[in-house]
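Participant: The structure under discussion is supplied below as structure tokens; questions concerning it will follow.
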Amino acid sequence: MGAGDSKLSFKKDVFRLSEEHNIPANDPYWLSFWELPESAADVFTLFSSADIRRTRDAHLENLETLILVVTSRLFTLRHHPSFPDPEIAPERDVLNCIRILTRLLPFIYEKENLAEWERKFFWGSRRKRTRKASITKTEVIFDEAVETNTTEGEQPPVAPSNPGETDYETVQPLMEELIDTLVDMLFYVRFTLPKSYGAESQTKVPYTIWQSGVGSNTPVPSSKELESNKIETLRLLLSITSQCMFIPANLLPVQGTRALTYLVTMSEKRVVLSLLCSLLNTTLKYNPASWRVPYDHIVFSDPRRVLVTYSLQLLLVLLLYPVPECTGDIKNSYRHWLGRLHRTQDFQFMVDGMSRILSQPMQAHTSYLPGSQKALKWAPEMIMLFWETLQVNKRFRSFIIDTDRAYDFVVLILFYALEHRLDPSKSGVVRMCIFVLQTLSAEQKFGICLNKRFEEQNTLPQSMIIPGFSGTFADYLIISIYNLITTSKGKLSAVYPALLATVANIAPHVKNLSGSASSKLIQLFASMSTPEFLLANESNHTLLSSLLESMNAIIEHQYSENPNFVYAILRSSKRFEALRNFTLESGQEEIDRQTRLKKDRGETSPKTSFESIPETPSRTAPPRTLHVQEEQTPFAIGDDEESDEEVGKKKGEEEDAAAAKIGTPTPTPLVTSPTTTSPPPGARPLSSPVEDAVPYQLRGMSEKARGKMPERSNSTASLASQIPASATGTCTPTGRFTPTPAWIETWLPHLQLHTLLTIINLLEPEVRATLARANVPGADPNTTNAILNLIRSAPVAQQLEASAIRTHLFEWSHLALGWYESLLWGFIFVSEMDVSKGTVGVWNGTTIKLFKVKETKSEGVSLLAPRGAVDALGTTLVERLGSVGRQVSGGGTGAGGDRAGRRSISSDNGGERRSEERGGHVI
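Residue numbers 459 to 1381, in my numbering, belong to the letters of the sequence shown in order.
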């Protein structure tokens, strides 16, 4: 819209919507909504959120008519034989209809008391004038201006007596026709596909895959105009499906949304495959590392990134959506067909594309020119896509393991987890990375392949480098998991079970575990077996049980291949024996003793809530455990561990002696309600929120019901199921957990200490004798090698009864699905702010219920983001034209002032806020 009077005219038409009653559907006034705007910015700035709300609340009938005439115009042009002819059926009209609908729908979804109206209006059965009658009635401008909407089961009103009965026909609900039309427009010749494809296929909608890759080897030419049209159409589809944002997380997996259910279940196979492959190929074929001038992103924008962003987001919205069980035995077609991919070249294409996108932030992080490359914002979404593909396609899992690409993804996933472990705003991404590792570890071949030696650590970013590391990928993974637990300051306590489940899954297959990795496992045991940790709440003992299960699996299944680990156990034998004799009285005495020692040294007393426990340092004082008198012998059992590398190098480099913390999970009731919102009648009870409302391992609905992964015969029950259900202590009136002797007796006898104590009893005398002989003058000084050879040759394995290998799968619950959906839609919300640059934000100013939104301070001036007169003028213009930023809180709070700024989003599941930062915004 070039001239100012045109803008003013459109703004006056917008005002008229909220000022007049029942504007007739055949009034030429409606033409302005698709004839006047010339860009999406015109629609979003001149049709403000206040205008929409005022019309919606005071003149709903006008809003209803607007939607009817706009969709009618869109449907008519879709079927027009000359579209997109600039004179007869202009492309401009379709784009403006799409923009108007994109602008309106979120404000309809946000108002809860419009739910019934929305259901009748968009999903009720309809009768509209036939095409023949529309041509006859030339005075009616819009062929759907007299259509009627009814709910399912209701009889549609009788048509006027003047037209004949044959003048009307029953058609599909309005939203279904809108969705089908938009999907067709994504494959429309001369609108989103080049003209040449119309001549070849003799149809306007050939459903040609946009890019070569999965399902197609034919390159398809494109242009800026065609890609821009795809962007507009994809954005409207995201707006339609964004009803998820306005449903609380605990209800979303139960009730779902009609639009998404229709999209993923009712489309034809050809349509599903064309859209799936188009979105997948557009996303994965994008190469951010193509040759560019350094710092070019500061001056130029890349419109193709916007198309890739929307393609990836819509793809994930379709793949992640769990079809509600109340809809019957129907499946998500997009998940189904993604799981049916099997060609090697398709998997190679997918793996190359995913690793290229995921490695780009790492490369930007290590660039010699800081800030010369613009880090991609959708790496978390790509991790989601990788995780979804792992879960639905067992052939893909086998492919990445058989081709050794699993190593690349382990390193990439660990990069995001380690890089952001201390950032509470990115805890969602970190937790998702941990769940991906657990999903990978459930494959037996994955545990076996980790025994390959890791040689390329020096090429990694600084945050991932382990000083003095020498070992296998299994060593690197275990040490990285140790670092995640001990250096995250308790921020990841909710996913300790997932980290330990990952170790438990690979433990039966690990060989040649290094002394350093062995020492880390023993240090974890030392910290988790302290009285402070065990008595902190009623669930910490399950973490210790999981760690002991991993230790047992290593010994029972790979004893002779892991002498370093056995040696580490022998050096800490007193700790295992002390745990066997653990009592409530002795534990409390030890806590009191440590408190007195700290007081004598002038240190702060331990927190009574047991919020943190120091890690076992390598060369400092022994860890706090039950007080035992150590024997003063050359082999002091219970001394601090040293790795074989340290011994071989004459104790050269010391491990970090800083007292890192293992956060103790906050006591959480086993069954509570995530929010005060009541589920709909007939809905099944939801899983309880556990630890910050993220998925709790091995709880919730089975994966078979979820359809997330193939069923496995070696699947086991919950870690917590090893402990009787009565394993609870007592709670004070303030809610603080108080352990009792009876509670300790319910889990202590079930700890798997038998195998560990057996090898200690069998090997300790021989190791002591070997150490004694080493003190004799002239003896071999390399005592460590002698002990390791003794352990390898000892006939201990025959005296151990190997238990069955257990696989701890990631299982989904309604609560977990709600968290997952809120994470995805939070990414989409913040990404839209980055894409729109504050002018076209689809959800600006809306009341989100799926997560919470808050505004943070804008970043200051920098060399990469200078501020001056031009910036000030641009900001002023934007603020005057429309809403830019809102202070929004979910759960019923409304919109705030219009001002630009950074956003933060947090999901409010189970009463605790979670947030995650990405590209200047916080999610």
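Glycine included, each C-beta is placed from N, C-alpha and C at the ideal position.
None of the values given here were measured: they were computed from a predicted structure.
Can you grab the Cα-Cα spacing for the pair Ile1013 / Leu1246, in whole Å?
Facilitator: Within the sequence shown, residue 1013 is the residue found at index 555, counting from 1. Within the sequence shown, residue 1246 is the residue found at index 788, counting from 1. For Ile1013 and Leu1246, the distance between alpha carbons rounds to 14 Å.
Participant: List the whole-angstrom C-beta distance separating Phe807 from Leu742, where the pair is believed to meet the contact cut-off of C-beta under 8 Å.
Facilitator: For the purposes of this step, residue 807 is identified with residue 349 of the sequence shown, where counting begins at 1. For the purposes of this step, residue 742 is identified with residue 284 of the sequence shown, where counting begins at 1. Right, their Cβ atoms sit about 7 Å apart.
Participant: Give the DSSP bridge partners of Leu1055, in chain order.
Facilitator: Residue 1055 sits at position 597 when you count from the first residue of the sequence shown. The partner list for Leu1055 (beta bridge, DSSP) is empty, contrary to what the question assumes.
Participant: Please tell me whether Thr560 and Arg693 are closer than 7 Å, where the distance is taken between their beta carbons.
Facilitator: Taking the sequence shown and counting its residues from 1, one reaches residue 560 at position 102. Taking the sequence shown and counting its residues from 1, one reaches residue 693 at position 235. Yes, the pair counts as a contact, with Cβ atoms nearer than the cut-off.
Participant: Can you give me the Cβ contacts of Leu777 inside the same chain, cut-off strictly under 6 Å, excluding the 5 residues immediately before and after it?
Facilitator: The residue you call residue 777 lines up with position 319 of the sequence shown. Only Tyr792, Arg793, Glu846 meet the Cβ criterion.
Participant: Would you mind reading off the limits of the beta strand (DSSP E) that contains Glu627?
Facilitator: Start at 1 with the first residue of the sequence shown, and residue 627 comes out as number 169. Start and end: 626 to 629.
Participant: Would you mind reading off the limits of the alpha helix (DSSP H) that contains Arg648?
Facilitator: The residue you call residue 648 lines up with position 190 of the sequence shown. Counting along the chain, Arg648 falls outside any alpha helix (DSSP H), and DSSP gives it neither H nor E.
Participant: Cutting at 6 Å between CB atoms, please list the residues of its own chain near Ser946, excluding the five before and the five after it.
Facilitator: Indexing the sequence shown from 1 puts residue 946 at position 488. So the list reads Arg879, once near-sequence residues are dropped.
Participant: DSSP three-state call for Arg584: helix, strand or coil?
Facilitator: Against the sequence shown, residue 584 aligns to sequence position 126. In the structure shown, Arg584 sits in a strand (DSSP, three-state: E or B).
Participant: Quick check: the stretch 948 to 966 against the stretch 993 to 1008, are at least 3 beta-carbon pairs closer than 8 Å?
Facilitator: The stretch 993 to 1008 vs the stretch 948 to 966: in contact.
Participant: Near Gly929, which residues of its chain fall below 6 Å by C-beta distance, leaving aside the five closest residues on each side in sequence?
Facilitator: Here residue 929 corresponds to residue number 471 of the sequence shown, with the count starting at 1. Ser972, listed in sequence order.
Participant: Return helix, strand or coil for Glu1112, following the three-state DSSP convention.
Facilitator: For the purposes of this step, residue 1112 is taken as residue 654 along the sequence shown, with counting starting at 1. Legend: pLDDT at Glu1112 = 37, less than 50; position of this residue unreliable, value from coordinates given subsequently. Coil, per DSSP.
Participant: Considering Asn1219, what are the terminal residues of the alpha helix (DSSP H) in which it resides?
Facilitator: Within the sequence shown, residue 1219 is the residue found at index 761, counting from 1. Where Asn1219 is concerned, the enclosing alpha helix (DSSP H) stretches over 1212 to 1232.
Participant: In terms of alpha-carbon separation, which member of Lys682, Tyr874, Phe912 lies closest to Arg763?
Facilitator: As a first step, residue 763 must be located in the sequence shown, where it is residue number 305. Taking only the C-alpha atoms, the option nearest Arg763 is Lys682.
Participant: Could you check what DSSP says for Gly929 in three-state terms: helix, strand or coil?
Facilitator: Along the sequence shown, read from residue 1 onward, the residue named residue 929 stands at position 471. DSSP places Gly929 in strand when its eight states are reduced to three.
Participant: Would you mind reading off the limits of the alpha helix (DSSP H) that contains Asn916?
Facilitator: Looking up residue 916 in the sequence shown gives position 458. From DSSP, Asn916 is part of no alpha helix (DSSP H); its letter is neither H nor E.
Participant: Which runs of the alpha helix (DSSP H) at least 4 residues long sit entirely within the stretch 833 to 919? Give them in chain order.
Facilitator: As far as the stretch 833 to 919 is concerned, its whole alpha helix (DSSP H) runs of at least 4 residues are 837 to 850, 852 to 860, 864 to 877, 885 to 899, 902 to 907.
Participant: Since Leu876 and Leu942 are thought to touch, with beta carbons under 8 Å apart, how far apart are those beta carbons, to the nearest angstrom?
Facilitator: Within the sequence shown, the letter at position 418 stands for residue 876. Within the sequence shown, the letter at position 484 stands for residue 942. Confirmed, about 7 Å.
Participant: To the nearest whole angstrom, what separates the beta carbons of Val1254 and Ile1218, a pair I think is in contact under 8 Å?
Facilitator: As a position in the sequence shown, residue 1254 is number 796, starting the count at 1. As a position in the sequence shown, residue 1218 is number 760, starting the count at 1. Val1254 to Ile1218, Cβ: 11 Å. No contact.
Participant: DSSP has Thr639 in a bridge; who is on the other side?
Facilitator: Mapped onto the sequence shown, residue 639 falls at position 181. In DSSP, Thr639 forms no bridge with anything.
Participant: So, helix, strand or coil for Val1311, using DSSP?
Facilitator: In the sequence shown, the residue the question calls residue 1311 occupies position 853. Correct three-state label for Val1311: strand.
Participant: Check whether the stretch 700 to 716 and the stretch 770 to 784 touch, using three or more Cβ-Cβ pairs below 8 Å as the test.
Facilitator: Yes, the stretch 700 to 716 touches the stretch 770 to 784.
Participant: Report yes if the C-beta distance between Ala962 and His1266 is below 7 Å; otherwise report no.
Facilitator: Counting from 1 along the sequence shown, the entry for residue 962 is found at position 504. Counting from 1 along the sequence shown, the entry for residue 1266 is found at position 808. Cβ distance < 7 Å, so Ala962 and His1266 count as in contact.
Participant: Please classify Leu466 as buried or exposed, where buried requires at least 16 neighbouring CB atoms within 10 angstroms.
Facilitator: Reading the sequence shown from its first residue, position 8 is the one you call residue 466. That one is exposed.
Participant: Judging by CA-CA distance, which residue of Ile689, Leu494, Gln1210 is the nearest neighbour of Tyr768?
Facilitator: Start at 1 with the first residue of the sequence shown, and residue 768 comes out as number 310. Nearest C-alpha to Tyr768: Ile689.
Participant: Roughly how many whole angstroms lie between the Cα atoms of Pro746 and Tyr934?
Facilitator: Sequence index remark: in the sequence shown, residue 746 carries index 288 (1-based). Sequence index remark: in the sequence shown, residue 934 carries index 476 (1-based). One C-alpha to the other measures close to 29 Å.
Participant: Are the beta-carbon atoms of Phe580 and Met633 separated by less than 7 Å?
Facilitator: The residue labelled residue 580 in the question sits at position 122 within the sequence shown. The residue labelled residue 633 in the question sits at position 175 within the sequence shown. In contact: Phe580 and Met633 (Cβ atoms closer than 7 Å).
Participant: Could you say if the stretch 541 to 549 and the stretch 505 to 518 meet the contact criterion of at least three C-beta pairs nearer than 8 Å?
Facilitator: Taking 8 Å as the limit for Cβ pairs, the verdict is that the stretch 505 to 518 does not touch the stretch 541 to 549.
Participant: May I ask you to report which of helix, strand or coil DSSP gives Thr1196?
Facilitator: Position 738 of the sequence shown, counting from 1, holds the residue named residue 1196. Note: Thr1196 maps to strand in three-state DSSP.
Participant: Quick check on DSSP: helix, strand or coil for Thr802?
Facilitator: Sequence index remark: in the sequence shown, residue 802 carries index 344 (1-based). Note: Thr802 maps to helix in three-state DSSP.
Participant: From this set, Ser974, Thr699, Ser680, which residue's C-alpha is nearest Val1300's C-alpha?
Facilitator: The count along the sequence shown starts at 1 and reaches residue 1300 at position 842. When each option's Cα is compared against that of Val1300, the closest is Thr699.
Participant: Using CA atoms only, rank isn't needed, just tell me which of Thr917, Val887, Ile556, Thr523 is closest to Ser497.
Facilitator: Your numbering for residue 497 matches position 39 in the sequence shown. The candidate whose alpha carbon is nearest that of Ser497 is Ile556.
Participant: How about Ser813 and Asp866: are their beta carbons less than 7 Å apart?
Facilitator: Here residue 813 corresponds to residue number 355 of the sequence shown, with the count starting at 1. Here residue 866 corresponds to residue number 408 of the sequence shown, with the count starting at 1. Result yes, Cβ atoms of Ser813 and Asp866 sit closer than 7 Å.
Participant: For Phe1285 versus Glu568, is the C-beta spacing smaller than 7 Å?
Facilitator: What you label residue 1285 is simply residue 827 of the sequence shown in a count that begins at 1. What you label residue 568 is simply residue 110 of the sequence shown in a count that begins at 1. Going by C-beta atoms, Phe1285 is not nearer than 7 Å to Glu568.
Participant: Could you tell me which of Lys1057, Thr661, Glu990 sits nearest to His538, measuring between CA atoms?
Facilitator: Taking the first residue of the sequence shown as 1, we reach residue 538 at position 80. Checking every option, the nearest Cα to that of His538 belongs to Thr661.
Participant: Would His999 be called buried (16 or more neighbouring beta carbons within 10 Å of its own) or exposed?
Facilitator: Taking the first residue of the sequence shown as 1, we reach residue 999 at position 541. The residue is buried, with at least 16 neighbouring Cβ atoms inside 10 Å.
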